[in-house]
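*Asks:* In order, the protein sequence lines correspond to chains A and B.
Position 213, counted from 1, in the first sequence is what my numbering calls 243; the numbers after and before it change by one each time, with no gaps.
Position 251, counted from 1, in the second sequence is what my numbering calls 258; the numbers after and before it change by one each time, with no gaps.
The beta carbon of each residue, even a glycine, is placed where N, CA and C say it ideally should be.
Let me give you the structure first, and then I'll get to my questions.
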Amino acid sequence: MNDSILIVGGGPAGLAAAHALARVGRRSVLVDKADRLGGAPILSGYAKLVPSGEWAKDAIGGMVERVRGDSRVEVHTGTTVRAFDGSPGDFTAQLSDGATVRAGAAILATGFTHFDSLNKPEWGFGTFPDVVTTTQVEQMISSGRGVHCPSDGRKPQRVAILLCVGSRDRQIGREWCSKICCTVSANLAMEIREELPDCHVYIYYMDIRTFGLYETKYYWRSQEEFKIKYIKARIAEVTSDGQKLIVKGEDTLVKRPVTIPFDLVVHAIGMDPNVDNQTIASTFGVALEPHGYLARRNAYGNMAETSRAGVFVAGAASGPETIDDSIGQGHAAALTALGSLGAEKASA
Amino acid sequence: MPIHEKDLIRPENLRTHEQLTVDGVDVSGHWSTFIQSRVVTDYNEALEDEIAALPGGEFIHRCWQCGSCTNACTVNAVNPDFNPRFWIYLVRIGMEAELLRDKDIVWQCVSCNKCTHICPRDVNPEGVMKAISHWLELKGHTPKSPSMVFDEVFSDQVIRHGKIEDGRTIRRFFARTGQALQQDWLIEMAKRLARHLPIGLLARLGFSAAIAPRTRGWSRARAAIEDYVKDQQATQRRALGLDGPGGPPTTREGA
Ligand code: SF4
Ligand code: SF4
Numbered sequence: 031m032n033d034s035i036l037i038v039g040g041g042p043a044g045l046a047a048a049h050a051l052a053r054v055g056r057r058s059v060l061v062d063k064a065d066r067l068g069g070a071p072i073l074s075g076y077a078k079l080v081p082s083g084e085w086a087k088d089a090i091g092g093m094v095e096r097v098r099g100d101s102r103v104e105v106h107t108g109t110t111v112r113a114f115d116g117s118p119g120d121f122t123a124q125l126s127d128g129a130t131v132r133a134g135a136a137i138l139a140t141g142f143t144h145f146d147s148l149n150k151p152e153w154g155f156g157t158f159p160d161v162v163t164t165t166q167v168e169q170m171i172s173s174g175r176g177v178h179c180p181s182d183g184r185k186p187q188r189v190a191i192l193l194c195v196g197s198r199d200r201q202i203g204r205e206w207c208s209k210i211c212c213t214v215s216a217n218l219a220m221e222i223r224e225e226l227p228d229c230h231v232y233i234y235y236m237d238i239r240t241f242g243l244y245e246t247k248y249y250w251r252s253q254e255e256f257k258i259k260y261i262k263a264r265i266a267e268v269t270s271d272g273q274k275l276i277v278k279g280e281d282t283l284v285k286r287p288v289t290i291p292f293d294l295v296v297h298a299i300g301m302d303p304n305v306d307n308q309t310i311a312s313t314f315g316v317a318l319e320p321h322g323y324l325a326r327r328n329a330y331g332n333m334a335e336t337s338r339a340g341v342f343v344a345g346a347a348s349g350p351e352t353i354d355d356s357i358g359q360g361h362a363a364a365l366t367a368l369g370s371l372g373a374e375k376a377s378a
Numbered sequence: 008m009p010i011h012e013k014d015l016i017r018p019e020n021l022r023t024h025e026q027l028t029v030d031g032v033d034v035s036g037h038w039s040t041f042i043q044s045r046v047v048t049d050y051n052e053a054l055e056d057e058i059a060a061l062p063g064g065e066f067i068h069r070c071w072q073c074g075s076c077t078n079a080c081t082v083n084a085v086n087p088d089f090n091p092r093f094w095i096y097l098v099r100i101g102m103e104a105e106l107l108r109d110k111d112i113v114w115q116c117v118s119c120n121k122c123t124h125i126c127p128r129d130v131n132p133e134g135v136m137k138a139i140s141h142w143l144e145l146k147g148h149t150p151k152s153p154s155m156v157f158d159e160v161f162s163d164q165v166i167r168h169g170k171i172e173d174g175r176t177i178r179r180f181f182a183r184t185g186q187a188l189q190q191d192w193l194i195e196m197a198k199r200l201a202r203h204l205p206i207g208l209l210a211r212l213g214f215s216a217a218i219a220p221r222t223r224g225w226s227r228a229r230a231a232i233e234d235y236v237k238d239q240q241a242t243q244r245r246a247l248g249l250d251g252p253g254g255p256p257t258t259r260e261g262a
């Protein structure tokens, strides 16, 4: 019987789980393959987060510091789990840094991988320097450099944001909705208009899915206060006339083909299953669901269970997820993991 | 099965060459029919701001294209080409050439405001219809609509006299829209009024028609209103990038 809990992944979900366990006096071992904690919001340099508007480096950075400063959390960065054996209440993990960790349970908070826009060559990423991703625009803002065209550094006067890049697309085997890109794009569009009030921002969409309370704060506000223009069109291709990017598609509301010049085209990239999910699944002996995310065993009875007893999952590891819900799931996984140890104890 | 795309072809975009040979094959006349591209190649970003600068157009940017307005519209029920949702979109996105294709029907709005009451985003589509009609007139795309002329005759009287005299309003409206004053329905209405209205009221009507009384002390109010109107018109013309101070000329005949 081992009371410690192994947490794999130091993003919002993993950080939340480690903090929750520490709060109830439980030890945990937090392992992350990157050389820093914080997960996607920190590693990818996100700017202001949905929905609080706090800077990622403050909000998620704060979670990192809290965990770093807690003696009950043992942190291994730049480290992966090589092998994982045992049974609930008594697992042993071999880490790539040579350490052996004994844990009563494990939480997989291994997150997602950003869609690589090179897989949609017709939309110009990799061909034209002024075709960028939402992540790159986040970095332009968070670095203080400001929104600009990478080709020559000029400030764009007209920006197109293409939604569902790497989402809802059977052509490239990605049927899921990445859930948060509509809201993130509306947020970015407003940030662009805030920085460059003379720049017009157009969002090309198939549907707008700013779910729940995000409707007012992002979809409505982006139109009512920031005059963002939403155009119902799935873009066919992005080319260039040598000076401007040319966005081609059909404006379905007027049944007319359009070929419109833009300075900057932004791909609202989706969330892929973590590229390492096959390895993670075989190392930990857990099943993947059909899209390639870690499968949850049940939706209602006990949160966070995977196909293997004693191994739990939280956050975007099991499907596209928001940061705040990932944090909630980190707490839930911590509680379910604790409960499982309690059960072992009681029956022992 | 009818081919839907066929209704997208516009007769003015069909090109036929009387004499044409392509790669040695004679494709003269009917065989050389081409359809000119109908691609939209740019957005006019000023259009939305211009409409928004005119009274009624202020909230156009809220529209999310649900179509409730068109669905509720009185005029759309009899003329499917009258489509407020569609025009609002063209303005928002800046498709000016498309909008101009419908310039002769926008004014048909009867201001019933069914659209306004159903719109989930408080766009005030009825106001937008007014703003678009107004824009078309100011930009010289359409002549003044009869309803615009009526509004002008009406408000001109109020501004001049602080009062309305119906007979004069009707006479001027007819004169300015080139209609005969002797209209059967009007004569019939006058006859019946004479038969059924109390003598006192008739006398007052006759007196007003002959004397055209003003509201007492009106001249200061009139000056203030005229200043305000001039100011508004100048602002609107500026917003539309038009030179000169005037708006549409208001009626000035008679006094
Ligand atoms: S006010 Fe005009 S646009 Fe609105 S429903 Fe009535 S006729 Fe249609
Ligand atoms: S009802 Fe309102 S929101 Fe809907 S299409 Fe008409 S104007 Fe736009």
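1. Look at residue 40 of chain B and residue 21 of chain B and say whether their C-beta atoms are less than 8 Å apart.
2. Rounded to whole angstroms, what is the Cα-Cα separation between residue 104 of chain A and residue 85 of chain A?
3. So, at 6 Å on beta carbons, what are the nonlocal neighbours of residue 341 of chain A in its own chain, with the 5 sequence-adjacent residues on each side left out?
4. Say the cut is 7 Å; is the CB of residue 132 of chain B nearer than that to a heavy atom of ligand 2?
5. I'd like to know if the stretch 321-337 of chain A and the stretch 217-225 of chain A are in contact, where contact means that at least 3 CB-CB pairs between them fall below 8 Å.
6. Any chance the CB of residue 277 of chain A is under 7 Å from a heavy atom of ligand 1?
7. Under the three-state reduction of DSSP, which class applies to residue 133 of chain A: helix, strand or coil?
8. Looking at residue 92 of chain B: is its Cβ nearer than 8 Å to the Cβ of residue 76 of chain B?
9. Return the chain-ordered list of same chain residues with a C-beta closer than 7 Å to the C-beta of residue 167 of chain A, the five sequence neighbours on each side being excluded.
10. Quick check on DSSP: helix, strand or coil for residue 359 of chain A?
11. Give me the chain B residues within the contact set of residue 231 of chain A, using Cβ-Cβ distance strictly less than 7 Å, ordered along the chain.
12. Mind the definition here: the stretch 90-105 of chain B touches the stretch 149-162 of chain B only if three or more C-beta pairs lie below 8 Å; say whether that holds.
13. Determine the DSSP secondary structure at residue 42 of chain A, reduced to helix, strand or coil.
14. When DSSP labels each residue in this structure, what does residue 43 of chain B get in the three-state scheme?
15. Roughly how many whole angstroms lie between the Cα atoms of residue 66 of chain A and residue 65 of chain B?
16. When the distance is taken between beta carbons, is residue 370 of chain A closer than 8 Å to residue 118 of chain A?
17. Whole angstroms is fine: what's the gap from residue 234 of chain B's alpha carbon to residue 224 of chain B's?
18. Under 7 Å from any heavy atom of ligand 2, does the C-beta of residue 74 of chain B make it?
19. Excluding the 5 residues flanking residue 179 of chain A on each side, which residues of the same chain have their C-beta closer than 7 Å to its C-beta?
20. At a threshold of 7 Å, does residue 155 of chain B count as lining ligand 1 (C-beta to nearest heavy atom)?
21. Would you verify that the beta carbon of residue 135 of chain B is, or is not, closer than 8 Å to some beta carbon of chain A?
22. Between the stretch 68-81 of chain B and chain A, which residues of the former have CB atoms less than 9 Å from a CB of the latter, in chain order?
23. Classify residue 185 of chain B: buried if its beta carbon has 16 or more other beta carbons within 10 angstroms, exposed otherwise.
24. Could you list the residues in the stretch 88-113 of chain B with a C-beta less than 8 Å from some C-beta on chain A, going in chain order?
25. Is it the case that the Cβ atoms of residue 127 of chain B and residue 73 of chain B are separated by a distance below 8 Å?
26. For residue 260 of chain A, which option in A/318, A/191, A/273, A/209 has the closest C-alpha, if you only look at C-alpha atoms?
27. Check residue 255 of chain B in the structure and name its three-state DSSP category.
28. Is the CB-CB distance between residue 1 of chain B and residue 79 of chain B below 8 Å?
29. Between the alpha carbons of residue 145 of chain A and residue 196 of chain A, how many angstroms are there, rounded?
30. Could you tell me the distance, in whole angstroms, from the CA atom of residue 172 of chain B to the CA atom of residue 180 of chain B?
31. Helix, strand or coil for residue 142 of chain A? Go by DSSP, reduced to three states.
32. Whose Cβ in chain B lies nearer than 9 Å to the Cβ of residue 254 of chain A?
33. Can you name, in chain order, every residue of its own chain whose Cβ lies under 7 Å from the Cβ of residue 123 of chain B, other than the five neighbours on each side?
34. Per DSSP, residue 124 of chain A is paired with what?
35. Is there a Cβ from chain B that is less than 8 Å from the Cβ of residue 281 of chain A?
36. Could you tell me the distance, in whole angstroms, from the CA atom of residue 82 of chain B to the CA atom of residue 114 of chain B?
*Replies:* Taking the definition as stated:
1. Yes, the Cβ-Cβ distance between residue 40 of chain B and residue 21 of chain B is below 8 Å.
2. Taking the straight line joining both Cα atoms gives about 26 Å.
3. Contacts found: 136, 314, 316.
4. Yes, Cβ of residue 132 of chain B sits closer than 7 Å to a heavy atom of ligand 2.
5. No contact exists between the stretch 321-337 of chain A and the stretch 217-225 of chain A.
6. For ligand 1, not one heavy atom lies less than 7 Å from the Cβ of residue 277 of chain A.
7. If DSSP states are grouped into helix, strand and coil, residue 133 of chain A belongs with the strands.
8. Yes.
9. Leaving aside the five residues that flank residue 167 of chain A on each side, the residues in its chain whose CB is nearer than 7 Å to its CB run, in chain order, 177, 218, 296.
10. Secondary structure of residue 359 of chain A (DSSP, three-state): helix.
11. Per Cβ cutoff of 7 Å: no residues; residue 231 of chain A is ~11 Å from chain B at best.
12. Contact annotation: the stretch 90-105 of chain B does not touch the stretch 149-162 of chain B, with fewer than three C-beta pairs closer than 8 Å.
13. Correct three-state label for residue 42 of chain A: helix.
14. If DSSP states are grouped into helix, strand and coil, residue 43 of chain B belongs with coil.
15. Those two C-alpha atoms are separated by around 50 Å.
16. In this structure, residue 370 of chain A lies closer than 8 Å to residue 118 of chain A by Cβ.
17. Rounded to whole angstroms, residue 234 of chain B to residue 224 of chain B spans 17 Å at the Cα level.
18. Yes, ligand 2 has a heavy atom inside 7 Å of this Cβ.
19. So the list reads 160, 186, 293, 294, once near-sequence residues are dropped.
20. Checking every heavy atom of ligand 1 against the Cβ of residue 155 of chain B, none is found closer than 7 Å.
21. Among the CB atoms of chain A, none fall inside 8 Å of the CB of residue 135 of chain B.
22. From the stretch 68-81 of chain B, only 68, 69, 70, 71, 72 have a Cβ closer than 9 Å to chain A.
23. By the 10 Å Cβ count, residue 185 of chain B comes out exposed.
24. Of all residues in the stretch 88-113 of chain B, only 93, 96, 97, 99, 100, 102, 105 come within less than 8 Å of chain A when Cβ atoms are compared, listed by chain position.
25. Note that the C-beta distance between residue 127 of chain B and residue 73 of chain B is below 8 Å.
26. Ranked by how close their Cα comes to the Cα of residue 260 of chain A, the residues A/318, A/191, A/273, A/209 have A/191 in first place.
27. Residue placement at residue 255 of chain B cannot be trusted, given a pLDDT of 48 that sits under 50; what the coordinates show is reported in the next sentence. DSSP, read as helix, strand or coil, puts residue 255 of chain B in coil.
28. Because chain B here runs from 8 to 262, residue 1 of chain B falls outside it and cannot be looked at.
29. Rounded to the nearest whole angstrom, the CA to CA distance from residue 145 of chain A to residue 196 of chain A is 6 Å.
30. Those two C-alpha atoms are separated by around 12 Å.
31. Three-state DSSP puts residue 142 of chain A in a strand.
32. What residue 254 of chain A touches in chain B: 66, 68, 69, 128.
33. Here the set comprises 131, 132, 133.
34. For residue 124 of chain A, which the question treats as bridged, DSSP gives the partners A/113, A/130.
35. Taking Cβ atoms only, chain B reaches closer than 8 Å to residue 281 of chain A, which makes this a yes.
36. One C-alpha to the other measures close to 11 Å.
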